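Position one of the sequence shown corresponds to residue 4 (our numbering), numbered consecutively onward. All residues carry an ideal CB built from backbone N, CA and C; glycine is no exception. Note that the coordinates shown come from a computational prediction; the quantities given were computed from them, not determined experimentally. First the structure, in the form of structure tokens, and then the observations on it.
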Amino acid sequence: AIHPFIDGNGRTARLVMNLILMRAGYPPTVIQRINRRQYYRVLDQADAGKPATLVNFVGRAVERSMNLYMEACTPVISAPSPEAEWIPLREAAGGTPYSQEYLSLLARTGRIEAVKRGRVWYTTRKLVEEYRQSIE
């Protein structure tokens with residue numbers, strides 16, 4: 004392992020990691036203290052020639068950061084009008100030619116308006132219908 008500084012090598016490496024992520028269009032991420040043991044384990048595996056575990060670990064941390072940013076930028080779902088009732092994708096898929104998985108893909112890629120609360124995506128029947136009409 005390369006340690007150019009007496010102290011702060013890990014912080015410097017995480018700072019450089021975040022610089023690289025931000026240049027690639029991703030949000031900065033934090034390696035949470037509760038995940039430090041796992042972080043050191045995947046670093047050891049990467050040093051042993053198995054970088055995939057580190058890539059996956061950082062990817063999950065980036066995903067957590069992105070979810071936090073998305074939640075902060077998403078309007079709160081509260082007392083919507085009946086025609087704009089936000090419902091889980093599994094419910095929105097009912098009566099349509101689309102599966103929940105397909106609607107999830109559309110939501111994640113921004114092709115249908117949806118909001119994520121925790122692990123659940125929400126949209127409206129009206130938005131699903133507008134999407135259906137837009138591709139006909």
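| Item | Value |
| --- | --- |
| Limits of the beta strand (DSSP E) - the one that R120 falls within | 118 to 120 |
| Reduced DSSP secondary structure (H/G/I, E/B, other) of A82 | The predicted model places A82 with a pLDDT of 47, which falls under 50 and marks its position as unreliable, so this point remains unresolved. |
| Counted within 10 angstroms of its Cβ, other Cβ atoms place T112 as buried (16 or more) or exposed | exposed |
| Backbone CA spacing between A82 and V118 [nearest angstrom] | Low local confidence applies: a pLDDT of 47 at A82 is under 50, so the model's placement there is unreliable, and no value is given. |
| The region 92 to 101 touching the region 126 to 137, judged by at least three CB pairs closer than 8 Å | yes |
| L57 and L71 closer than 8 Å at C-beta | no |
| Separation of I9 from V61, as counted between CA atoms | 25 Å |
| Cross-strand partners of T126 (DSSP beta bridge) | I90 |
| Runs of beta strand (DSSP E) lying entirely within the region 17 to 41, each at least 3 residues, in chain order | none |
| Opening and closing residue of the alpha helix (DSSP H) in which G62 lies | 55 to 76 |
| Where Y101 sits in the DSSP three-state scheme | coil |
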